[in-house]
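Undergrad: Numbering (our numbering), first residue to last: 446 to 695. Here you go, one structure.
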Ligand SMILES: NC(=O)c1ccc[n+]([C@@H]2O[C@H](COP(=O)([O-])OP(=O)(O)OC[C@H]3O[C@@H](n4cnc5c(N)ncnc54)[C@H](O)[C@@H]3O)[C@@H](O)[C@H]2O)c1
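Set out below in structure tokens:
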């Protein structure tokens with residue numbers, strides 16, 4: 446059986462759980478060797494590694510904080526050391542902050558941006574440095590539907606995701622035609638980040654007021670990532686794919 450990503454090497458930041466773990470498993474099942482980075486979720490990273498190995502896949506877990514410039518370079522270097530290449534980077538690691546603006550501190554802003562935006566920038570830059578040398582590659586940046594429309598009490602998160610959408614377009618222009626750079630802007634997805642069990646009823650109501658009237662599954666985002674990673678999908682750059690149940694129709 447020919448698998449879509451046979452012979453490819455992918456790096457998924459924050460791949461220990463949630464959407465990142467689903468992308469890592471999907472890519473490995475399609476024949477890619479996958480490196481996942483984790484910062485705090487070592488036990489979850491080990492469990493993703495065990496699942497992929499049990500399914501006959503190739504995977505490595507690398508401890509790296511996306512907010513650290515040193516670690517961003519290390520994650521790219523280690524992936525190449527381990528698997529001999531880096532064809533696909535998924536900039537997935539991210540954090541969220543629900544806070545009224547007037548209570549949001551500069552430290553809150555710096556913390557979130559250092560992971561979501563600066564982290565995407567640094568790991569992306571290091572991966573692209575390598576991809577330029579070999580003359581090909583794919584970058585998939587995980588944004589959010591909130592990056593289009595904003596949300597009260599989430600302004601810093603929304604701004605980080607809007608910036609990721611724009612950074613994707615600028616990079617796509619800068620590195621075409623060799624490196625294809627796209628984004629995914631998921632709608633609400635059932636992960637620890639959304640924390641459905643503890644989500645305020647107001648927030649949940651807002652999330653479900655979309656045409657498909659439900660929360661999405663991590664596999665539904667992984668499918669979009671596979672679409673963007675597929676070597677046959679070769680005329681698409683600077684675009685955003687929107688697995689969002691119809692929440693926004695840009
Ligand atoms: N769940 C949703 O509804 C939703 C919607 C749109 C976009 N997203 C985005 O999808 C991505 C994945 O989120 P998720 O829902 O799977 O949440 P999650 O909290 O389950 O996963 C986030 C991952 O990022 C990792 N991470 C956080 N800080 C890090 C750091 N400094 N260095 C390295 N890794 C770090 C976490 O350890 C975790 O593995 C995020 O970028 C998020 O903003 C999520």
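Ideal Cβ placement from N, Cα and C applies to all residues, glycine included.
(1) CB residue 504 to CB residue 481, shorter than 9 Å?
(2) Below 8 Å, how does it come out for the stretch 450-462 and the stretch 472-480: are there three or more Cβ pairs, yes or no?
(3) What is the rounded straight-line gap between the Cα of residue 514 and the Cα of residue 631?
(4) Per DSSP, which one or two residues make a beta bridge with residue 628?
(5) Rounded to the nearest angstrom, what separates residue 534 and residue 565 at their Cα positions?
(6) Excluding the five sequence neighbours on either side, which residues of its own chain have a C-beta within less than 8 Å of the C-beta of residue 685, listed in chain order?
(7) Are the stretch 529-543 and the stretch 492-507 touching by the rule of at least three beta carbon pairs closer than 8 Å?
(8) Please go through the same chain and pick out, in chain order, the residues whose beta-carbon is closer than 6 Å to the beta-carbon of residue 494, but skip the five residues on each side of it.
(9) Whose C-beta lies closer than 6 Å to the C-beta of residue 468 among residues of the same chain, with five residues either side of it excluded?
(10) Measuring CB to CB, does residue 518 end up less than 9 Å from residue 567?
(11) With 16 other CB atoms within 10 Å as the buried threshold, where does residue 647 fall?
(12) By Cβ distance, which residues of its chain are closer than 6 Å to residue 541, with the 5 residues on each side in sequence left out?
(13) Please find out if some non-hydrogen atom of ligand 1 comes closer than 8 Å to the beta-carbon of residue 463.
(14) Using 10 angstroms around the beta-carbon of residue 569, count the other beta-carbons present and answer buried if the total reaches 16, otherwise exposed.
(15) Please state if the CB of residue 590 and the CB of residue 693 are separated by a distance shorter than 9 Å.
(16) Out of curiosity, what's the CA-to-CA distance linking residue 635 and residue 654?
(17) Examine ligand 1 and report whether any of its heavy atoms sits within less than 8 Å of the Cβ of residue 484.
(18) According to DSSP, is residue 570 helix, strand or coil?
(19) Tell me, to the nearest whole angstrom, how far the beta carbon of residue 705 is from that of residue 624; I am working on the premise that it is less than 8 Å.
(20) Since residue 480 is in the alpha helix (DSSP H), which residue starts that stretch and which ends it?
(21) For residue 520, does the count of other Cβ atoms within 10 angstroms reach 16, so buried, or fall short, so exposed?
TA: So, from the listed chains and residues:
(1) Reading the chain shown from its first residue, position 59 is the one you call residue 504. Reading the chain shown from its first residue, position 36 is the one you call residue 481. Yes, these two residues count as a Cβ contact at 9 Å.
(2) For the pair of segments examined, the stretch 450-462 was found to touch the stretch 472-480: the number of CB pairs separated by less than 8 Å reaches three.
(3) The residue labelled residue 514 in the question sits at position 69 within the chain shown. The residue labelled residue 631 in the question sits at position 186 within the chain shown. Computed Cα separation, rounded: 26 Å.
(4) Reading the chain shown from its first residue, position 183 is the one you call residue 628. Beta-bridge pairing links residue 628 to 586 and 685.
(5) Translated into the one-based positions of the chain shown, residue 534 becomes position 89. Translated into the one-based positions of the chain shown, residue 565 becomes position 120. About 10 Å.
(6) Position 240 of the chain shown holds residue 685. Contacts found: 588, 610, 613, 627, 628, 629, 630 and 695.
(7) Output reads no: the stretch 492-507 does not touch the stretch 529-543.
(8) Working through the chain shown from its first residue, we reach residue 494 at position 49. So the qualifying residues of the chain are 504 and 506.
(9) Mapped onto the chain shown, residue 468 falls at position 23. The answer, listed in chain order, is 457, 535, 667 and 670.
(10) As a first step, residue 518 must be located in the chain shown, where it is residue number 73. As a first step, residue 567 must be located in the chain shown, where it is residue number 122. Cβ atoms of residue 518 and residue 567: closer than 9 Å.
(11) Looking up residue 647 in the chain shown gives position 202. Of the residues assessed, residue 647 falls on the exposed side of the cut-off, its CB having fewer than 16 other CB atoms within 10 angstroms.
(12) Here residue 541 refers to the residue found at position 96 of the chain shown. Closer than 6 Å at Cβ, skipping near neighbours: 602 and 638.
(13) For the purposes of this step, residue 463 is identified with residue 18 of the chain shown, where counting begins at 1. Indeed, a heavy atom of ligand 1 lies less than 8 Å from the Cβ.
(14) Taking the chain shown and counting its residues from 1, the one referred to as residue 569 is at position 124. The residue in question, residue 569, is buried, as its Cβ has 16 or more Cβ neighbours within 10 Å.
(15) Within the chain shown, numbered from 1, the residue matching residue 693 stands at position 248. Within the chain shown, numbered from 1, the residue matching residue 590 stands at position 145. Residue 693 places its beta carbon less than 9 Å from that of residue 590.
(16) Counting from one through the chain shown, the residue named residue 635 turns up at place 190. Counting from one through the chain shown, the residue named residue 654 turns up at place 209. Spanning the alpha carbons of residue 635 and residue 654 requires a straight line of approximately 15 Å.
(17) Looking up residue 484 in the chain shown gives position 39. Yes; taking the cut-off as 8 Å, the Cβ of residue 484 has a heavy atom of ligand 1 nearer than that.
(18) For the purposes of this step, residue 570 is identified with residue 125 of the chain shown, where counting begins at 1. Reduced to three states, the DSSP call for residue 570 is helix.
(19) Within the shown structure, residues of the chain are numbered from 446 to 695, placing residue 705 beyond reach of any answer.
(20) Within the chain shown, numbered from 1, the residue matching residue 480 stands at position 35. From DSSP, residue 480 is part of no alpha helix (DSSP H) but of the beta strand (DSSP E) over 478-483.
(21) Taking the first residue of the chain shown as position 1, residue 520 is located at position 75. Taking all protein chains in view, the Cβ of residue 520 is crowded by 16 or more other Cβ atoms within 10 Å, so the residue is classified as buried.
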